[in-house]
Amino acid sequence: MNTQYPEINKKTNIVFFTGAGMSAESGIPTYRGSGGIWHKYNWEEYACQDAFNIDPQKVVNFHNIRREKVAACVPNSGHVTIADLQNKFENITIITQNIDGLHQLAGSKDILELHGSLWWGRCKKCNFNINLRNNFNEIKKCSKCSRWLRPNITWFGDALDVAVFQKAHNAILNSEVFISIGTSGIVHPAAEFPYLAKSNGAYCIEVNLETTRLSSIYDSTQIGSAGKILKELHHTFFDRFIK
Ligand SMILES: [Zn+2]
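Per numbering that gives the first Met the number 0, the sequence shown runs over residues 0 to 242.
Right, dumping it as structure tokens:
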């Protein structure tokens, strides 16, 4: 095991950045990549504002099927390890590209969801947001103006939430340890994140099932499942510094 790990303490600024690979271990269907949802369905019909404007019911029904599939999944040991570490260290920020809410379900707090959350509905007219986790099949329209609620996620053609992105950017810029899990680093802005962390001299660890085109930037690339590698990191890296 790598013995070059930096010294850390309970106040070290640590960022976990998670992507589709993290959720795939919980059985969440992936969107991009081989076997992903966008190989079966045309995103232009289901995952953009234009499609929603044309046929909101069709788009909402599609996402409610996604919600049912996600609701049947539970956090894996990787999510649980991160939640555990967040309780032990004071400055852990979790940034995710995932929209499934599994980090919250594992007990983590203050997640920066770059692509929004499948569990929230939003009225574009009123900017009204509502949590639909327990009643997405019943509540489909805004209680104020009766317009259809779109899932509060980043569709194709949508801009990222500026406030969330800014917080993520700042957290990475100030990070001393940056750990990327299950992300290929191809989708913007994920591709820039390790560079940003590096610019502050952060120690960067990549956890993935295979190497990526960004692997050479990282100080350590660890190949394997998120659940297994995070457990190892817990014992070999983090535990040494918990007093
Ligand atoms: Zn409304």
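The beta carbon of each residue, even a glycine, is placed where N, CA and C say it ideally should be.
This one's a predicted model, so the numbers in the text were calculated from it and none came from an experiment.
C-beta atoms of residue i and residue j nearer than 8 Å
i    : j    : result
K205 : S179 : Checking the sequence, you will find Glu at residue 205 rather than Lys. A contact, by the Cβ cut-off of 8 Å.
I93  : F192 : no
T182 : Q85  : no
K68  : P28  : yes
A225 : E24  : yes
G184 : R146 : no
N151 : S116 : yes
W154 : A82  : no
K123 : R149 : yes
Helix, strand or coil at residue i [DSSP, three-state]
i    : result
M0   : Its pLDDT being 47, under 50, M0 is placed unreliably in this model, and the value from its coordinates should be taken loosely. In this structure, M0 counts as coil in the three-state DSSP scheme.
V58  : helix
N130 : strand
V73  : coil
W154 : coil
I94  : strand
V186 : coil
T220 : strand
heavy atom of ligand 1 below 7 Å from residue i C-beta
i    : result
F51  : no
F127 : yes
R146 : yes
K139 : no
K39  : no
C47  : no
K143 : yes
K9   : no
K124 : yes
CB-CB length for residue i against residue j, believed under 8 Å
i   : j   : result
K10 : E89 : 5 Å
Query raised in the report: How about the region 98-113 and the region 76-84: do they share at least three Cβ pairs that are nearer than 8 Å?
Result: yes
Query raised in the report: Are there three or more Cβ pairs, one per stretch, closer than 8 Å when the region 162-170 is compared with the region 111-121?
Result: yes
Query raised in the report: Can you find at least 3 beta carbon pairs, one from the region 126-146 and one from the region 194-212, that sit closer than 8 Å?
Result: no
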